[in-house]
Each structure stands twice: as structure tokens, then as C-alpha cells.
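S.K.: Top line first, the protein sequences correspond to chains W and C.
One gets my numbering by counting positions in the first sequence from 1 and adding 102 to each.
One gets my numbering by counting positions in the second sequence from 1 and adding 102 to each.
All C-beta atoms in this analysis are idealised placements derived from N, C-alpha and C, irrespective of residue type, glycine included.
The following block contains the structure, expressed as C-alpha cells.
There are 2 protein chains.
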Amino acid sequence: MKPEIDVFREFLAHKGMRATPEREAILAEVFANHDHFDVEELIMRLRQNGQRISRASVYRTMALLVESGLVQEVYVEDGHMHYEHVYGHEHHCHLRCLGCRKIIEFRNGALEEVEQRIGRDHRFEVTGHKLEIYGYCPECRGQKK
Amino acid sequence: MKPEIDVFREFLAHKGMRATPEREAILAEVFANHDHFDVEELIMRLRQNGQRISRASVYRTMALLVESGLVQEVYVEDGHMHYEHVYGHEHHCHLRCLGCRKIIEFRNGALEEVEQRIGRDHRFEVTGHKLEIYGYCPECRGQKK
DNA sequence: ATATTATCGAGAATGAGTCTCAATTGCTAT
DNA sequence: ATAGCAATTGAGACTCATTCTCGATAATAT
Numbered sequence: 103m104k105p106e107i108d109v110f111r112e113f114l115a116h117k118g119m120r121a122t123p124e125r126e127a128i129l130a131e132v133f134a135n136h137d138h139f140d141v142e143e144l145i146m147r148l149r150q151n152g153q154r155i156s157r158a159s160v161y162r163t164m165a166l167l168v169e170s171g172l173v174q175e176v177y178v179e180d181g182h183m184h185y186e187h188v189y190g191h192e193h194h195c196h197l198r199c200l201g202c203r204k205i206i207e208f209r210n211g212a213l214e215e216v217e218q219r220i221g222r223d224h225r226f227e228v229t230g231h232k233l234e235i236y237g238y239c240p241e242c243r244g245q246k247k
Numbered sequence: 103m104k105p106e107i108d109v110f111r112e113f114l115a116h117k118g119m120r121a122t123p124e125r126e127a128i129l130a131e132v133f134a135n136h137d138h139f140d141v142e143e144l145i146m147r148l149r150q151n152g153q154r155i156s157r158a159s160v161y162r163t164m165a166l167l168v169e170s171g172l173v174q175e176v177y178v179e180d181g182h183m184h185y186e187h188v189y190g191h192e193h194h195c196h197l198r199c200l201g202c203r204k205i206i207e208f209r210n211g212a213l214e215e216v217e218q219r220i221g222r223d224h225r226f227e228v229t230g231h232k233l234e235i236y237g238y239c240p241e242c243r244g245q246k247k
């Protein structure tokens, strides 16, 4: 599989946009760690590496990364969006505990099939999906207020 | 099935909260129509019916309706949340066209089963889920930019 | 009735995300 | 190389959904 930087460059070229140092630094930082993150964290991490990229550029680049499919919006929490990079990872979905707010990832092949079938039924060309299951994790079961 | 107003009253009682005219008017308006809506629309509809309820109260009540399970957050679009009431409806998910932004609802029994199985596998007590499938609708297929 | 507590409304405050625009950078063609 | 041009950046102003504050009001308990 080709490195994400190449995917991104091709995406930008296809849109007639430039692969600037700022955009590439942001991409690199996004792929440098495997947790969910938000824009504020990303900016902090860039700063810690001596990269001083403006908030506006980070937001602008996030939109491009999402459009390119390298990154996905995962959920809104505390009033702002959280992301994860998905390129190079098997697709997964999220279980979300309403007690402790913990997020657990899971994979499930059956889901993909159901999704494809639903797409066919509606003559939709399916490009992706997002599933979140809510509930209470083993630790929080029974003690929900 | 008992009317939603009773469900809401019981929910409020259970939390030691009062069933005020404002809360009940908001509930009634939410269940008065079957489309997706946002808070701004809801306030407009209340005004048209002569109800003058403050923005703050509407937001406060929406949070209660979501917590009670009568209403669900559906998606964020144009920078704000959109809702639908779900009590009394078979659970459904959304197909979202990336071309024309249209949202199509669908139901699928297989999905519920998969969801339950995933819950069991993780010893989660599942209370709900949200699935969004992205893609291009029949009209927009092939003309994506 | 009076005290207590929840709720309301109006508007201020917050904060994520977007926009503006002058300055900068990177291509492209000479 | 260099000039010209368009894309991009950064700083900070701006927008706007949502939350917060707090004095006024209403419901419930004593």
C-alpha cells in the first residue's frame, strides 16, 4: 500500500491544489499517532514539534484530509469534532459508553455486507459509513444513574 | 403504547423535575411533525402557535428529550444539530447523499441483530445506535465532481 | 400563607469554526 | 534566473450555535 503522503499528494494534484509544507506537516502529525484527536490537540502537538501553523490552516487542511478519505470525523464531544486517521486501517466502528464516555472500537464483517446490501436496495453508490452503538460498558452496567 | 407526554412526565418525575407548561409545549411541538428539525425551526414553529418560549428553555428541554430517549440527535449540518423524534417509530437509519445532501431513511432488521451481537460480544448493555451510510444517490451517481 | 426550590427569560458570555485580506510562496513561461 | 500570477498562509476579526448567569416567577412543601 502506498504511503499516505502519496495519496494526499495525488488528491491535491487531482484538485489542482498544492502540496505545501504546512499541509504535509499536518498530514504527518495526524498519522503520527493512533488515537482519536481534536483540532486543539493537533495544534498543540504541532507546536511541540516546533511547527507553528495557524489555526485556520489546520482547519482548512482537516477538511481536505476528510474529503480525501484519509481521515474521518468520528464524533462530536464537548462541543467539537473528533477525528481519526483511517487510511491503512481496516474499517471499524465505535461502541460508546454513556456512563464513563469511554469509546471502544470494534470490527465486524457482517456489517459491511449489510451496508452493501442496503446501498444496492436504494441504488446508492456507497462510499462509507459511520456506526456508533450506545450503551453501558461492563464496568458501568447497573450503576447508571 | 402510552402517549409520549406520559413517558416524558414519568421521566421528569423520576429525575425529581417538574413537568412545566414550557416543557410540555416543546414536547408537543416536537411530536407535531415528522421531519428532521433543528432548534431554530422548533422555536419558529412555537412562535407561530403563539408560544413564546425562550431559546435557553428550548435548548434545555431538548437535552432532556434526548436523555429520555424520546428524541434523537440525527446529524450536524450547517454547523448545528438536527433532531428527530423516535418514540413510537421503528428504529431507522440514514443514507446520506454526498452530492445533493439529501437524507433517505431506511429500516433494516438484520442491522438490529448485528448490533445486538456486537453488544453481547463486548458485554455492553446496548441502548441505541446511529448508523449513517454515505454515498451518492441514483440522481447524483456519476456526476460527482 | 410562607419558605423553599425549581424553572424561566433576557441577554451576556463562550468557544468552535470560518472568513478576510495583506503578505508570502511556489509554479510557469519567458 | 526572473517576472508574473495564482494559490496559500497567518493573524485576528467575525459568526453563530449553544451555554451560562442571575433576578424574577411559579410550583410545592411546611
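1) Quick one: list the residues of chain W neighbouring Tyr189 (chain C), beta-carbon separation under 8 Å, in chain order.
2) Roughly how many angstroms lie between the CA atoms of Phe208 (chain C) and Glu217 (chain W), to the nearest whole one?
3) Identify the contact partners of His224 (chain C) in chain W, using a Cβ-Cβ distance below 7 Å as the criterion.
4) CA-CA distance, His194 (chain C) and Tyr236 (chain W)?
5) Look up His182 (chain C) in the DSSP assignment and say whether it is helix, strand or coil.
6) Quick check: the Cα distance between Lys116 (chain W) and Arg225 (chain C), rounded to an integer number of angstroms?
7) Counting only beta-carbon atoms, is Tyr185 (chain C) nearer than 8 Å to chain W?
8) How is Thr229 (chain W) classed by DSSP in three states: helix, strand or coil?
9) Can you name, in chain order, every residue of its own chain whose Cβ lies under 8 Å from the Cβ of Val168 (chain C), other than the five neighbours on each side?
10) Can you tell me whether Thr163 (chain W) is buried or exposed, with buried defined as 16 or more other CB within 10 angstroms of its CB?
11) Quick one: give me the first and last residue of the beta strand (DSSP E) that Leu197 (chain C) is part of.
12) Using the Cα positions of Ala121 (chain C) and Glu143 (chain W), report the straight-line distance between them to the nearest angstrom.
13) May I ask you to report which of helix, strand or coil DSSP gives Gly152 (chain C)?
14) Are the stretch 149-163 of chain W and the stretch 122-140 of chain W touching, with three or more C-beta to C-beta distances below 8 Å?
15) Against Gly238 (chain W), what residues of chain C qualify as contacts under a CB-to-CB distance less than 8 Å, listed in chain order?
16) Using beta carbons (cut-off 8 Å, strictly below), is Gly221 (chain C) in contact with chain W?
M.R.: The short version:
1) Near Tyr189 (chain C) there are no residues of chain W at all, since even the closest Cβ is about 16 Å away, more than 8 Å.
2) 11 Å
3) Leu197, Ile206 and Phe208
4) 15 Å
5) strand
6) The question names Lys, but residue 116 (chain W) in the sequence shown is His. Straight-line Cα distance between these residues: approximately 45 Å.
7) no
8) strand
9) Gln174, Glu175 and Tyr185
10) buried
11) Cys195 to Cys199
12) 41 Å
13) coil
14) yes
15) Checking the displayed sequence, the identity of residue 238 (chain W) turns out to be Tyr instead of Gly. Within chain C, the residues near Tyr238 (chain W) are Phe226, Glu227 and Thr229.
16) yes
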